[in-house]
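S.K.: One structure, pasted below without further comment.
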Amino acid sequence: MNQILEKLVSFLSRLFTALSAILLFLVIIFIARESLQIFREVNFFDFISGISWNPLAREPKAGILPMILGTVYVSIVAILISLPIGIGCALELAALENERLKSFCTSVLGVLAGIPSVIYGFIGLLVVVKFLEKNFLLAAGESILSGGIVLAVMVLPYIVSSAAETMEKSYKQYKEPSLALGVSKSYMLRALILPNAKGAILTAMILAFSRAMGETMAVMMVIGNSPILPQLLGKGETIPALIALEIGTAGLGSLHYHALFSAGFVLMMLLIFLNALLYLIKKNLTENLH
Amino acid sequence: MNDHLSLKSLNVAIGSAKILQDVNLTIFQNKVLAVIGPSGCGKTTLLRTINRLIEEESQARVSGEILFRGKSTQQIPLTKLRKDIGLVFQQPLPFPMSIYDNLAYALKYHGVKGKDSLTEIIEANLKLCGLYEEVKDHLFMSALKLSGGQQQRLCIARSLCVEPEVLLMDEPCSSLDIHNTKLIEDLILKLSAHYTIVIVTHNLQQARRIADYTAFFLDGRLIELNTTTEFFTSPRAEASKQYLEGLFG
Amino acid sequence: MKASNVTLRCWTILSTVLSLGLLVFILGFVYIKAQGVVTLNFILAKPAGFPVGSAGGIWPAIAGSLLVTLIAALSAGILAFFTAVYMVFYCRSPRFSLLLNLIIQCIAGIPSIVLGLFGYAFLVIKLELGLSLLASGLTLAIMIFPFIQIRLQKLFQETSQQLLDAAASLGVSQAYTIFNLLLPLYRKQILSIVALASGFAMGAAAPVMLTGCMMNAPVPKSITSPFMSLPYHLYVLIGQGISLENAYGTAFILMSLVLGLNLLAALPTILRMRGKP
Numbered sequence: 000m001n002q003i004l005e006k007l008v009s010f011l012s013r014l015f016t017a018l019s020a021i022l023l024f025l026v027i028i029f030i031a032r033e034s035l036q037i038f039r040e041v042n043f044f045d046f047i048s049g050i051s052w053n054p055l056a057r058e059p060k061a062g063i064l065p066m067i068l069g070t071v072y073v074s075i076v077a078i079l080i081s082l083p084i085g086i087g088c089a090l091e092l093a094a095l096e097n098e099r100l101k102s103f104c105t106s107v108l109g110v111l112a113g114i115p116s117v118i119y120g121f122i123g124l125l126v127v128v129k130f131l132e133k134n135f136l137l138a139a140g141e142s143i144l145s146g147g148i149v150l151a152v153m154v155l156p157y158i159v160s161s162a163a164e165t166m167e168k169s170y171k172q173y174k175e176p177s178l179a180l181g182v183s184k185s186y187m188l189r190a191l192i193l194p195n196a197k198g199a200i201l202t203a204m205i206l207a208f209s210r211a212m213g214e215t216m217a218v219m220m221v222i223g224n225s226p227i228l229p230q231l232l233g234k235g236e237t238i239p240a241l242i243a244l245e246i247g248t249a250g251l252g253s254l255h256y257h258a259l260f261s262a263g264f265v266l267m268m269l270l271i272f273l274n275a276l277l278y279l280i281k282k283n284l285t286e287n288l289h
Numbered sequence: 000m001n002d003h004l005s006l007k008s009l010n011v012a013i014g015s016a017k018i019l020q021d022v023n024l025t026i027f028q029n030k031v032l033a034v035i036g037p038s039g040c041g042k043t044t045l046l047r048t049i050n051r052l053i054e055e056e057s058q059a060r061v062s063g064e065i066l067f068r069g070k071s072t073q074q075i076p077l078t079k080l081r082k083d084i085g086l087v088f089q090q091p092l093p094f095p096m097s098i099y100d101n102l103a104y105a106l107k108y109h110g111v112k113g114k115d116s117l118t119e120i121i122e123a124n125l126k127l128c129g130l131y132e133e134v135k136d137h138l139f140m141s142a143l144k145l146s147g148g149q150q151q152r153l154c155i156a157r158s159l160c161v162e163p164e165v166l167l168m169d170e171p172c173s174s175l176d177i178h179n180t181k182l183i184e185d186l187i188l189k190l191s192a193h194y195t196i197v198i199v200t201h202n203l204q205q206a207r208r209i210a211d212y213t214a215f216f217l218d219g220r221l222i223e224l225n226t227t228t229e230f231f232t233s234p235r236a237e238a239s240k241q242y243l244e245g246l247f248g
Numbered sequence: 000m001k002a003s004n005v006t007l008r009c010w011t012i013l014s015t016v017l018s019l020g021l022l023v024f025i026l027g028f029v030y031i032k033a034q035g036v037v038t039l040n041f042i043l044a045k046p047a048g049f050p051v052g053s054a055g056g057i058w059p060a061i062a063g064s065l066l067v068t069l070i071a072a073l074s075a076g077i078l079a080f081f082t083a084v085y086m087v088f089y090c091r092s093p094r095f096s097l098l099l100n101l102i103i104q105c106i107a108g109i110p111s112i113v114l115g116l117f118g119y120a121f122l123v124i125k126l127e128l129g130l131s132l133l134a135s136g137l138t139l140a141i142m143i144f145p146f147i148q149i150r151l152q153k154l155f156q157e158t159s160q161q162l163l164d165a166a167a168s169l170g171v172s173q174a175y176t177i178f179n180l181l182l183p184l185y186r187k188q189i190l191s192i193v194a195l196a197s198g199f200a201m202g203a204a205a206p207v208m209l210t211g212c213m214m215n216a217p218v219p220k221s222i223t224s225p226f227m228s229l230p231y232h233l234y235v236l237i238g239q240g241i242s243l244e245n246a247y248g249t250a251f252i253l254m255s256l257v258l259g260l261n262l263l264a265a266l267p268t269i270l271r272m273r274g275k276p
């Protein structure tokens, strides 16, 4: 009986591990397969550097440069806004002595991370977009900036938790030797903990960047969705938004359909690369600590 | 002979555990005091109470009084107190920055400005701790790359940089080899001309070699304070005698 | 010198207050605006009116979201559990385990919309599952699988080696230890991780809108039926300007369900804190 159970568990764990490893390649291959067909008609370089998107025209144009730039642009805006707030918050949490208060703050940030992206988009539309329309006298508040603001809130918890983890470790480690020299905690945070967290801040940035680039709904709802070269206060479109909006109307097997898969493929490879990089940096950082 | 620090009916408890009980101890200026006793007798807590690092522990309760130059330590601002009373830990813990920055860290906080004066103080303290010759070409190398003995001497130099009057040392040699132990003992003897030093040690021979006075603690109580020579040749208390004979501890 | 330290404190404290304040604002905004919309009828009725959704309730969307989340949580949970068990207890080669970890990290990097594309091309078309609850559930499962796996693996790795050695020295098999020692020990944590992941799955619109979720559908009768989901319904209500009022109501319900799952996930931690003196 025990023998059978052991065999079964051993078999199942191998089977499911193989399955999960295959999953990645299955996804990549499938997306790639559906993508490649477009390159019979448009060459790859034109695809990623073309600035006009009109796959349904008689002479179809499939250039996704505006969308690539749009995706990168909103993500950068998001990080510029949320990084200073996130790092400040992480420093404060790292130095918080009250364990209960700290765990309360961590759970609040956890809840913030768990709020569905449509809700962020919904509130973004009703609050951020309205605010921009009123205060910046924009004809339409839907813009790269509003996308960036909404995304900034969404990636904030990831930045905080990623950075706070390392800062907390070094705070605990160096607190006593630092205090014994008669310096204040604020000075320690500024002169020791913050400079020592460079690696962690970099990881937090990459993490936030990859989160932001892959986000669909929240950005799509506030960014305006026009396939034009993005400007901070103008409309733009991201790759995920492009796919989400157009896949429903793209005929199976049409050029339009394949173009959308290719756009997804480009985004996916970029994000997989960022995530692999993130994993390796993190691994290096933790190994250097020991 | 001046009283530099005097502890008056000091009691320390952490949670429900009484760590130090009714300790009355005088620490003389520019002398080396060795604090000895079996593990868990409160030696480390004693040091942490003197520079008030103990107050960072939420469970700790302290009663009694510590006078530093005749003034209660509770009336001295924390950063000032800790600047004047340095502490060297058992495990050397250099900050994750260069050798130079390790020493400049607290100096900058305490208001030393200008690269020249910083460098001057840093080099002087490295020389004092016998580290200068070894590291003078690598001042901007990460301090984490130093050997254990070098790290401990760096930590002593770091404490000395801010010009303390008293130096508390918590078993500073326990993780070091004989060579580095010797270097640090020589350093302590050299420093005792200008500093008041309290060193916690497990090593009775070390206490004998470097200390002017020896205080013996047992179960949180001060059993005996005596000159080192007398303590090791004719201890007054029965417990001291037994401890020296190796009956416990 | 002193001034820059004060600036630093201002910066850190303001950041923290702002971060925490955001949650209060978001919750407050949705809950206040949704007052009066959410009634028992709103929860239990079908969407009605023209265009659909401008009147009536959202029951099919609630049911659809719950079902699709259940499918996702079950399949991702099982896959992640066995993968984590393999990595911690059976995999002997550190290089292979590094590679597997890297692969899982890469799956975590796939954006949800691309998973939607994959679900559509592979599950819906190639495997002929059709636009269905099952196709959506499995797509969501791929999305939350890395989240669960990474946490389970960390959890199992933290089991003290002494405990495992003690179990092994009694002569029992790995599998016996896993089911009789590990599972009871970590039951609460495993449930909490899966609950948290379910919250993510429930809130995701991008993967389901490509693989089976509809603007209007009845409560699904089987796993092959198309369905409605709360996040997509919310998106449609606002995106097409159907009803702002019902959008607030839908957001309220969606957020309450997700927060409920979050709370469930936090329960072990809360109970542990209570236990402490």
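Protein chains in written order, with numbering that gives the first Met the number 0: chain Z, 0 to 289; chain F, 0 to 248; chain A, 0 to 276. Just so you know, even glycine gets a beta-carbon here, dropped at the ideal spot from N, CA and C. On a predicted model such as this, the values are computed, not experimentally measured, just so you know.
Going along chain A, which residues have a C-beta under 8 Å from L11 of chain Z?
M.R.: Within the first sequence, the letter at position 12 stands for residue 11 of chain Z. F81, listed in chain order.
S.K.: Go through the segment 123-155 of chain F residue by residue and report every complete run of the alpha helix (DSSP H) that reaches 4 residues or more, in order.
M.R.: If we require 4 residues or more, the alpha helix (DSSP H) runs fully inside the segment 123-155 of chain F come out as 131-134.
S.K.: Can you give me the Cβ contacts of H289 of chain Z inside the same chain, cut-off strictly under 6 Å, excluding the 5 residues immediately before and after it?
M.R.: Translated into the one-based positions of the first sequence, residue 289 of chain Z becomes position 290. Low per-residue confidence applies at H289 of chain Z: pLDDT is 45, beneath 50, and the placement is therefore not dependable enough to give any value.
S.K.: For G202 of chain A and chain Z, any beta-carbon pair shorter than 8 Å?
M.R.: Residue 202 of chain A sits at position 203 when you count from the first residue of the third sequence. Taking Cβ atoms only, chain Z reaches closer than 8 Å to G202 of chain A, which makes this a yes.
S.K.: Check the Cβ-Cβ distances between Q173 of chain A and every residue of chain Z, and say whether any is below 8 Å.
M.R.: For the purposes of this step, residue 173 of chain A is identified with residue 174 of the third sequence, where counting begins at 1. Interface residue, yes.
S.K.: Would you call the CB atoms of I114 of chain Z and I25 of chain A closer than 8 Å?
M.R.: Residue 114 of chain Z sits at position 115 when you count from the first residue of the first sequence. Residue 25 of chain A sits at position 26 when you count from the first residue of the third sequence. Yes, the Cβ-Cβ distance between I114 of chain Z and I25 of chain A is below 8 Å.
S.K.: Taking a contact to mean a Cβ-Cβ separation below 8 Å, would you say T6 of chain A touches C88 of chain Z in this structure?
M.R.: Here residue 6 of chain A corresponds to residue number 7 of the third sequence, with the count starting at 1. Here residue 88 of chain Z corresponds to residue number 89 of the first sequence, with the count starting at 1. No; because the gap between Cβ atoms is not below 8 Å, this pair is not in contact.
S.K.: For Q294 of chain A, which residues in chain Z fall below 7 Å Cβ to Cβ?
M.R.: Residue 294 of chain A cannot be examined here, being either before or after the span of chain A that is shown, 0 to 276.
S.K.: Which chain Z residues sit within Cβ distance under 7 Å of S215 of chain F?
M.R.: Here the question's residue 215 of chain F lines up with position 216 in the second sequence. Note that residue 215 of chain F is Phe in the sequence shown here, rather than Ser. Against F215 of chain F, chain Z offers no close residue; the least beta-carbon distance is about 25 Å (beta-carbon pairs closer than 7 Å).
S.K.: Can you give me the C-alpha to C-alpha distance between T70 of chain Z and F29 of chain Z, rounded to a whole angstrom?
M.R.: For the purposes of this step, residue 70 of chain Z is identified with residue 71 of the first sequence, where counting begins at 1. For the purposes of this step, residue 29 of chain Z is identified with residue 30 of the first sequence, where counting begins at 1. Looking at the two C-alpha atoms, the distance is approximately 23 Å.
S.K.: Starting from K174 of chain Z, follow the alpha helix (DSSP H) in both directions and report where the run begins and ends.
M.R.: Within the first sequence, the letter at position 175 stands for residue 174 of chain Z. In this chain, the alpha helix (DSSP H) harbouring K174 of chain Z covers 143-178.
S.K.: Please specify which runs of the alpha helix (DSSP H), each continuous and at least 4 residues long, are wholly inside the segment 136-208 of chain A, giving them in chain order.
M.R.: 160-167, 173-176, 182-202, 205-208
S.K.: Pairing CB atoms from the segment 94-108 of chain A with CB atoms from the segment 13-26 of chain Z, are three or more of them under 8 Å?
M.R.: yes
S.K.: So, at 6 Å on beta carbons, what are the nonlocal neighbours of I246 of chain Z in its own chain, with the 5 sequence-adjacent residues on each side left out?
M.R.: Taking the first sequence and counting its residues from 1, one reaches residue 246 of chain Z at position 247. Correct list, in chain order: L259.
S.K.: How would you write the range of the alpha helix (DSSP H) that F95 of chain A sits in, first residue to last?
M.R.: Residue 95 of chain A sits at position 96 when you count from the first residue of the third sequence. Where F95 of chain A is concerned, the enclosing alpha helix (DSSP H) stretches over 93-108.
S.K.: Please report the Cβ distance between S228 of chain A and G56 of chain A, rounded to the nearest whole angstrom; I am assuming they are in contact, meaning their Cβ atoms lie under 8 Å.
M.R.: Position 229 of the third sequence, counted from the first residue, corresponds to residue 228 of chain A. Position 57 of the third sequence, counted from the first residue, corresponds to residue 56 of chain A. Incorrect: roughly 15 Å between the Cβ atoms, too far for contact.
S.K.: Cβ of G219 of chain F within 8 Å of Cβ of L32 of chain F?
M.R.: By 1-based counting over the second sequence, the position of residue 219 of chain F is 220. By 1-based counting over the second sequence, the position of residue 32 of chain F is 33. Contact: no.
S.K.: Quick one: Cα of L4 of chain Z to Cα of L78 of chain A, how far?
M.R.: Translated into the one-based positions of the first sequence, residue 4 of chain Z becomes position 5. Translated into the one-based positions of the third sequence, residue 78 of chain A becomes position 79. Cα-Cα distance, rounded: 18 Å.
S.K.: Please state the DSSP three-state secondary structure of T232 of chain F.
M.R.: Position 233 of the second sequence, counting from 1, holds the residue named residue 232 of chain F. Residue state, collapsed to three classes: helix.
S.K.: Verify the CB distance criterion: does N261 of chain A have a CB-CB separation below 8 Å to chain Z?
M.R.: Taking the third sequence and counting its residues from 1, one reaches residue 261 of chain A at position 262. Cβ-Cβ to chain Z under 8 Å: yes for N261 of chain A.
S.K.: Closer than 8 Å, CB to CB, is W58 of chain A near chain Z or not?
M.R.: For the purposes of this step, residue 58 of chain A is identified with residue 59 of the third sequence, where counting begins at 1. No, because no Cβ of chain Z sits closer than 8 Å to the Cβ of W58 of chain A.
S.K.: Excluding five sequence neighbours on each side, which residues of the same chain lie with their C-beta closer than 6 Å to the C-beta of I198 of chain F?
M.R.: As a working mapping, residue 198 of chain F is identified with position 199 in the second sequence. A33, M168, listed in sequence order.
S.K.: Unbroken alpha helix (DSSP H) runs of length 4 or more, entirely within the segment 56-132 of chain Z: which are they?
M.R.: 64-93, 98-113, 116-122
S.K.: Once DSSP output is grouped into helix, strand and coil, what is the label at Q205 of chain F?
M.R.: What you label residue 205 of chain F is simply residue 206 of the second sequence in a count that begins at 1. It is helical.
S.K.: Taking C-beta pairs closer than 7 Å, name the residues in chain A that I242 of chain Z reaches, listed in chain order.
M.R.: Here residue 242 of chain Z is taken as the residue at index 243 of the first sequence, counted from 1. Neighbours of I242 of chain Z on chain A, chain order: I112, L116.
S.K.: Assuming S81 of chain Z contacts I158 of chain Z under a Cβ cut-off of 8 Å, what Cβ separation, rounded to an integer in Å, is found between them?
M.R.: Here the question's residue 81 of chain Z lines up with position 82 in the first sequence. Here the question's residue 158 of chain Z lines up with position 159 in the first sequence. At roughly 6 Å, the Cβ-Cβ gap stays under 8 Å, so S81 of chain Z and I158 of chain Z are in contact.
S.K.: Run through the segment 3-59 of chain Z for me and flag every whole beta strand (DSSP E) of 3 or more residues, listed as ranges in chain order.
M.R.: none
S.K.: Go ahead and pull the three-state DSSP assignment for Q20 of chain F.
M.R.: As a first step, residue 20 of chain F must be located in the second sequence, where it is residue number 21. Q20 of chain F falls in the strand class under three-state DSSP.
S.K.: If you reduce the DSSP assignment to three classes, tell me which class V199 of chain F lands in.
M.R.: As a working mapping, residue 199 of chain F is identified with position 200 in the second sequence. The answer is strand: DSSP assigns V199 of chain F an E or B state.
S.K.: Exposed or buried, what is S233 of chain F when buried is set at 16 or more other beta-carbons lying within 10 Å of its beta-carbon?
M.R.: Reading the second sequence from its first residue, position 234 is the one you call residue 233 of chain F. Taking all protein chains in view, the Cβ of S233 of chain F is surrounded by fewer than 16 other Cβ atoms within 10 Å, so the residue is classified as exposed.
S.K.: Using DSSP with H/G/I as helix, E/B as strand and the rest coil, what is T226 of chain F?
M.R.: Reading the second sequence from its first residue, position 227 is the one you call residue 226 of chain F. If DSSP states are grouped into helix, strand and coil, T226 of chain F belongs with the strands.
S.K.: Shortest alpha-carbon distance to L107 of chain A belongs to which of Z:L64, Z:S209, Z:Q172?
M.R.: By one-based count along the third sequence, residue 107 of chain A stands at place 108. Going by the sequence as given, residue 107 of chain A is Ala instead of Leu. A107 of chain A has its Cα closest to that of Z:S209, out of Z:L64, Z:S209, Z:Q172.
S.K.: Let me check you understand the geometry: is the CB of L125 of chain F closer than 7 Å to at least one non-hydrogen atom of the ligand SAH?
M.R.: By its list of ligands, the structure shown contains no ligand whatsoever, and the ligand SAH lies outside what it can speak to.
S.K.: Round the Cβ separation of A33 of chain A and A196 of chain A to the nearest angstrom and send it over; I've been treating them as touching at under 8 Å.
M.R.: Position 34 of the third sequence holds residue 33 of chain A. Position 197 of the third sequence holds residue 196 of chain A. The Cβ separation is near 26 Å, so there is no contact.
S.K.: Could you give the DSSP three-state label for C9 of chain A: helix, strand or coil?
M.R.: The count along the third sequence starts at 1 and reaches residue 9 of chain A at position 10. Helix at C9 of chain A.
S.K.: CA-CA distance, I12 of chain A and L24 of chain F?
M.R.: As a first step, residue 12 of chain A must be located in the third sequence, where it is residue number 13. As a first step, residue 24 of chain F must be located in the second sequence, where it is residue number 25. I12 of chain A and L24 of chain F: Cα-Cα distance of roughly 43 Å.
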